[in-house]
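Chains H and V, in that order, are what the protein sequence lines are. Under the working numbering, the residue at position 211 of the first sequence is numbered 211, and the numbers go up by one with no gaps. Just add 1000 to wherever you are in the second sequence, counting from 1, and you've got the working numbering. Beta carbons are placed, not taken as given, at the ideal position from N, Cα and C, and that holds for glycine. A short worksheet on the structure shown next.
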Amino acid sequence: MRSFQESEDFVKRLFKSYYLKWRGDPPREYHKREYAFMLSRKGEMIRHISFENWNEMKEFLVKNVPLHVFYSSAYYLQPSAPEMEAKDWIGADLVFDIDVDHLYTSCKEDHDNWMCLDCNFNGKGVAPEECPSCSSKKIESKAWFCEKCIDVAKEEVIKLVEDFLIKDFGFSPSEIEIVFSGRRGFHVHVESDIVRELDQRARREIVDYVKGTGLVLREKKKKLLIPPLNAQGWPGRIARGVYEIINSRSTHDVAKLLCLKKGKGITEIEGQLKKILSKLEGAEGYWMLEGEACKVWLKIAEKAVLNMRCEVDERVTTDIKRLIRLPETLHGNTGLIVSKIKMKDLETFDPYVHAVAFRKDEVKVKIVSMPKIKFLGQEWGPYRDTIVEVPLGLAVYLICSGNAIISDEERRHHAKGDI
Amino acid sequence: MILSKLDAAKYPFTSLAAKIVEKLETELGVDSILSPNSEVLRRSIERIREAIYSGVTSIYMKDLDVEVLSHPLSLFLVKAVNNPKLLNVYAEAEKNRVFVNIINEDVNKIALLANDGFNWHVKVEKERIFLRFDEYLKVSVNMMDSYWKLVNRKLEEGYVEVTKRDLCRLIAEAYRGKIIEVVMRSKENIHGGLNAVIEELSKEVKAILPPTKIQESVALNEYNPSALPPCILKLMSEADEGKNLPHMARFTLATFLISIGKRPEEVIDIFRRLPDFDENKTLYHLRHIAGEIGSRTKYMPPSCATLRTFNLCPSSDEICLKIRHPLSYYNYKLRLLRKK
Ligand code: SF4
Ligand SMILES: [Zn+2]
Ligand SMILES: [Zn+2]
């Protein structure tokens, strides 16, 4: 295992060079935040640290070269108190986490795989809860992300920020910060006095709103009122979602979506869909839907909600004392920069280009396995048990994620201190 | 729009009410307000009685000064009687009083009252009324119906559309919360001259508001420390450290542990380190709570809402968000643990 240790040392040296030039901005009211660090892969987390002066942060980073750096979304009167109770919570930012792990993407079948550590049974795609062969829960999964994955995550971010946070919740773009998580997703931070003091229950309501959880499509014993397409908030979202579904599919597909048996009442449904569509297009205000068409509407609306909702991790948002990655630091499992992204740059943001910390030099690594990846604009892999010369950034990525070690040749190189 | 003295009497949460109280207190002097034949004292006691007998307080129109002054004094008496049930009943009755009055006001006046009393941002546009979402959430989370869930409301640019009735209910509910907060926080000492009054009131309250009877029989006879909710764990460790726990905390611990099947003789050990521990007394109380002696009613532990009110809820985990009673927490967690 010597080479693993040496690989880690290699990474640490590079991390140190990154932090020597580091100029990350402090989070808002940084001296009221708690900071936490992980210095090594297996080591414990060092917590309850606070900084009176932001220069001390840089000094800390250079001196200790942590693999992971976190700060609290919460503001405390005593951020360095060792017990949570004694910290004196005064508020917290509103944080959302959008992660490819929680999103369905078809490409996961192509680039993710898993293996049972007990019986070696393995498979492609998302890892199951337990091994289908021996029911063991010790499953190691190798998850990657590709352009497709990141595009799906970006779409969720745009939906969250533009549709929900700005239009519905009325936050101004200057209160919203988008951050690449350093691995497979994005964090969206809202720093606003309005949300600061909200408790867990209020935050849970916000998450439920964004995810469409608990949405009542028809109030009991009430007439079904259909919102106009341009209605704000969820009513408009539902109307537009239904419109989209009907408009972009054949009647046959809609019938299938509604789980209707083949051929059963298809002409009848066709008529109802046409009626709904033309009413939706013409209506300026709410209108009433009656009869059998109500059932069709409600079924399509259910699907529409699934399309229009935003997939955020509710645990992150409802936790008012959460530690999150500090922007502009390195993610120890990828070596990528936890990067702040401006809304206008999100569309073109490519983590394998824009979040790469080490852009110069190439280095030889022994790769255990990796799928095909586009890194720094060039395609690499797939590789399996081979020694390849790759860009330094990719080498760090592979070593940090446990998919490669530094090659023997390169080690000798280093011993001589050539880098 | 200007608020009148009648408004101050109807809506004790307004800044005008506070101003009048302050002025009258200096004019009349505390001694006269608290003297045995004081009108204000008489009215304050009456107000509390109205709450426990009818669930809603009235407005004493004969003398509005007295009415306005009776509000803080009533709260003071409620605090002194120190009965958690009374606090809830009183706050509920006051909430009802505010609701029945405010629902008859003009929309613009309601908006003014919300802003003056709670600093709320209410927008009235033609026929529509809006409240800023954070202010809406702070109160609506206490309302259980799906009607109040944010996802079922119209939310536009940070404002939730509400009906006039919704807004009145939210204000009344906010007022209820404020009463509880004020009473919980106040640290004023009991005025010596009031002792007799308070004692009598205490007796009356106890007689009228019997302790909650066990509603659902909890068939939990398994003690599993890893399934205990955060509130109970915290209280247990505080008891272990020998902290002087307030009455409500002791009551919660005792009722909870007994409800999940611990015997009084076992529970007593937890209280052993408390500074004022008295073996016989404690055992007597515990057996009483367990329904073994006395009225034979088993006592239920308080709900999460009540624990929150008394600042006994550290509400720190996932399961807490799903439940409303510490016993449900325990049930839920037990099932989870069994599955594993
Ligand atoms: S939410 Fe309920 S169960 Fe959880 S800690 Fe608070 S009071 Fe206890
Ligand atoms: Zn297996
Ligand atoms: Zn992918």
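Quick one: does residue i have its CB under 9 Å from some CB of chain V?
i, result
"H:Val216", "yes"
"H:Phe169", "yes"
"H:Gln200", "yes"
"H:Pro235", "yes"
"H:Ile206", "yes"
"H:Tyr75", "no"
"H:Tyr209", "yes"
"H:Thr318", "yes"
"H:Ala357", "no"
"H:Glu52", "no"
"H:Met311", "Sequence check: residue 311 of chain H is Glu here, not Met. False, the Cβ-Cβ gap to chain V never drops below 9 Å."
"H:Thr348", "no"
"H:Arg28", "no"
"H:Gln232", "yes"
According to DSSP, is residue i part of a helix, a strand, or is it coil?
i, result
"H:Trp234", "helix"
"H:Glu314", "helix"
"H:Val338", "coil"
"H:Val210", "helix"
"H:Lys220", "coil"
"V:Ala1219", "The pLDDT assigned to V:Ala1219 is 42, lower than 50, so where the model puts this residue is not dependable; a value taken from the coordinates is nonetheless given after this. V:Ala1219 falls in the coil class under three-state DSSP."
"V:Ile1260", "coil"
"V:Ile1214", "For V:Ile1214, the pLDDT reaches just 38, beneath the cut-off of 50, and the residue's location in the model is therefore unreliable, leaving the point undetermined."
"V:Asn1104", "coil"
"V:Ile1034", "Sequence inspection shows Leu at residue 1034 of chain V; the Ile mentioned does not correspond to that position. V:Leu1034: helix per DSSP, three-state reduction."
"H:Tyr383", "strand"
"H:Glu130", "coil"
Would residue i and residue j qualify as a contact pair, given that the criterion is a beta-carbon distance under 9 Å?
i, j, result
"H:Leu376", "H:Leu398", "no"
"H:Ser50", "H:Arg322", "no"
"H:Ser192", "H:Glu205", "no"
"V:Val1162", "V:Leu1209", "no"
"V:Val1197", "V:Leu1041", "yes"
"H:Leu326", "H:Val126", "no"
"H:Leu346", "H:Val190", "no"
"H:Asp97", "H:Val312", "yes"
"H:Gly335", "H:Phe15", "yes"
"V:Pro1314", "V:Thr1255", "no"
"V:Lys1154", "V:Val1107", "no"
"H:Leu257", "H:Ile245", "yes"
Can a CB atom of chain H be found closer than 9 Å to the CB of residue i?
i, result
"V:Arg1132", "yes"
"V:Val1162", "no"
"V:Leu1355", "Because chain V is modelled from 1001 through 1340, residue 1355 of chain V falls outside the range shown and cannot be assessed."
"V:Leu1233", "no"
"V:Asn1152", "yes"
"V:Val1141", "yes"
"V:Tyr1159", "yes"
"V:Lys997", "Because chain V here runs from 1001 to 1340, residue 997 of chain V falls outside it and cannot be looked at."
"V:Ser1146", "yes"
"V:Leu1112", "no"
"V:Pro1229", "no"
"V:Ser1054", "no"
"V:Cys1320", "yes"
"V:Glu1092", "no"
Per DSSP, what are the beta-bridge partners of residue i in this structure?
i, result
"H:Met431", "Any property of residue 431 of chain H remains undetermined from this structure, which presents chain H solely from 1 to 419."
"H:Trp190", "Note that residue 190 of chain H is Val in the sequence shown here, rather than Trp. Its beta-bridge partners are H:Leu94 and H:Ile176."
"V:Val1122", "V:Leu1131"
"H:Pro391", "H:Glu362"
"H:Asp99", "H:Gly185"
"H:Tyr76", "H:Trp89"
"V:Arg1153", "Per DSSP, none; premise fails for V:Arg1153."
"H:Arg203", "DSSP output for H:Arg203 lists no bridge partner at all."
Since I believe residue j is in contact with residue i (beta carbons under 8 Å), could you give me their beta-carbon distance rounded to a whole number of angstroms?
i, j, result
"V:Ala1114", "V:His1071", "Between V:His1071 and V:Ala1114 the Cβ distance is about 19 Å, and since that is not below 8 Å, they are no contact."
"H:Val396", "H:Trp380", "Not quite, the Cβ-Cβ distance comes to about 14 Å (not below 8 Å), so this is no contact."
"V:Tyr1090", "V:Ile1048", "6 Å"
"H:Glu6", "H:Ile367", "Rounded, the Cβ-Cβ distance is 16 Å, inconsistent with contact."
"H:Ala355", "H:Phe169", "No, H:Ala355 and H:Phe169 are not in contact; Cβ-Cβ is about 28 Å, not under 8 Å."
"H:Ile238", "H:Ala283", "Actually they do not touch by this definition, with Cβ atoms about 13 Å apart."
"H:Val161", "H:Val188", "6 Å"
"V:Glu1135", "V:Trp1120", "5 Å"
"V:Met1248", "V:Phe1310", "5 Å"
Give the residues of chain C in contact with residue i, contact being defined as C-beta atoms less than 7 Å apart.
i, result
"H:Ile194", "No chain C is present in this structure, whose protein chains are H and V."
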